[in-house]
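Chains as they are written, first to last, in this note's numbering: chain V, 1 to 113; chain D, 1 to 112.
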Amino acid sequence: GQQLNQSPQSMFIQEGEDVSMNCTSSSIFNTWLWYKQDPGEGPVLLIALYKAGELTSNGRLTAQFGITRKDSFLNISASIPSDVGIYFCAGLNYGGSQGNLIFGKGTKLSVKP
Amino acid sequence: NAGVTQTPKFRVLKTGQSMTLLCAQDMNHEYMYWYRQDPGMGLRLIHYSVGEGTTAKGEVPDGYNVSRLKKQNFLLGLESAAPSQTSVYFCASTSRQGHGYTFGSGTRLTVV
Numbered sequence: 001g002q003q004l005n006q007s008p009q010s011m012f013i014q015e016g017e018d019v020s021m022n023c024t025s026s027s028i029f030n031t032w033l034w035y036k037q038d039p040g041e042g043p044v045l046l047i048a049l050y051k052a053g054e055l056t057s058n059g060r061l062t063a064q065f066g067i068t069r070k071d072s073f074l075n076i077s078a079s080i081p082s083d084v085g086i087y088f089c090a091g092l093n094y095g096g097s098q099g100n101l102i103f104g105k106g107t108k109l110s111v112k113p
Numbered sequence: 001n002a003g004v005t006q007t008p009k010f011r012v013l014k015t016g017q018s019m020t021l022l023c024a025q026d027m028n029h030e031y032m033y034w035y036r037q038d039p040g041m042g043l044r045l046i047h048y049s050v051g052e053g054t055t056a057k058g059e060v061p062d063g064y065n066v067s068r069l070k071k072q073n074f075l076l077g078l079e080s081a082a083p084s085q086t087s088v089y090f091c092a093s094t095s096r097q098g099h100g101y102t103f104g105s106g107t108r109l110t111v112v
């Protein structure tokens, strides 16, 4: 089945640093989504991308839908302690199983104050 | 608050016992999903439903059954629990394909 390769698996950064993570796939997706999961909670949607080449921001977060439709990246600028969590990318292909999301394995972000 | 509610939040089962996890959403969403999350594995789809009365298998359906008798509820059943089913289970819903899912806060299940 379709798989997403998300990297890096984990990151340890200093407060104030910028963060970058990405997802790649061997298949094309129509939609890319980025989620954040806090400990003990379910994933929460951060950014949704619907068009190849699209660049979207949500506060300090910026995500892009790759022009090939096979990749996406998420940047976090000027990280703060509350950015700690696991970030998941997810791809959606309408032609797949009733349009179910495929998730990456996550990037665990740790921020040192 | 509007959203997805999962019950129970925690449960410990003995091998061979059965249980049902309940997911309820009050957003009138058509699509509902059950995922399991294991360390290093991300979220894997167990079963899903595209509307009341319909269900379908996802990536890892073995050992689970589901029912969607009412639009707002999606039940996940374990008929005979096994230690391999120790996991955190998440329910999600969405109004239409292509839109982001809303997740519940999870059920942590341990099978001993």
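Using N, Cα and C, we set each Cβ at its ideal position, and we do this for glycine too.
Select from the segment 37-63 of chain V all residues with a C-beta closer than 8 Å to any C-beta belonging to chain B, and list them in chain order. Looking at the structure shown, chain B is missing, and the protein chains on hand are V and D.
Any beta carbon from chain V within less than 7 Å of Ser-67/D's own beta carbon? No Cβ of chain V is located within less than 7 Å of the beta carbon of Ser-67/D.
Spell out whether any CB of chain V is found under 7 Å from the CB atom of Phe-74/D. Chain V, which has no Cβ nearer than 7 Å to the Cβ of Phe-74/D, makes this no.
| query | Can you find a C-beta in chain V that's less than 7 Å from the C-beta of Leu-21/D? | reply | No - not a single Cβ of chain V is within 7 Å of the one on Leu-21/D.
Worksheet item: From the beta carbon of Phe-103/V, is the nearest beta carbon of chain D less than 7 Å away?
Response: At least one chain D Cβ lies under 7 Å of Phe-103/V.
Below 8 Å on the Cβ atoms is my guess for Val-84/V versus Ser-110/V; work out the distance and round it to an integer in Å. Their Cβ separation, rounded to whole angstroms, is 6 Å, which keeps Val-84/V and Ser-110/V in contact under 8 Å.
*Can we say the segment 14-21 of chain D touches the segment 28-41 of chain V, given the rule of at least three CB pairs closer than 8 Å?*
Taking a cut-off of 8 Å for Cβ pairs, the segment 14-21 of chain D and the segment 28-41 of chain V do not touch, as fewer than three such pairs fall below it.
* Asked: Is there a Cβ from chain V that is less than 7 Å from the Cβ of Gly-3/D?
  -> So no, Gly-3/D is outside the interface.
**Prompt:** Going by other Cβ atoms of all chains shown within 10 Å of its Cβ, with 16 needed for buried, is Thr-68/V buried or exposed?
**Reply:** Taking all protein chains shown into account, Thr-68/V has fewer than 16 neighbouring C-beta atoms within 10 Å of its C-beta and is therefore exposed.
**Message:** Spatial neighbours of Phe-103/V within its chain, please: C-beta separation below 6 Å, excluding the five flanking residues on both sides.
**Reply:** Annotation for Phe-103/V: Phe-88 and Ala-90 place their beta carbon closer than 6 Å to its own, counting only its chain and skipping 5 residues before and after.
Using beta carbons (cut-off 7 Å, strictly below), is Phe-90/D in contact with chain V? Chain V places a beta carbon closer than 7 Å to that of Phe-90/D, counting this residue as a contact.
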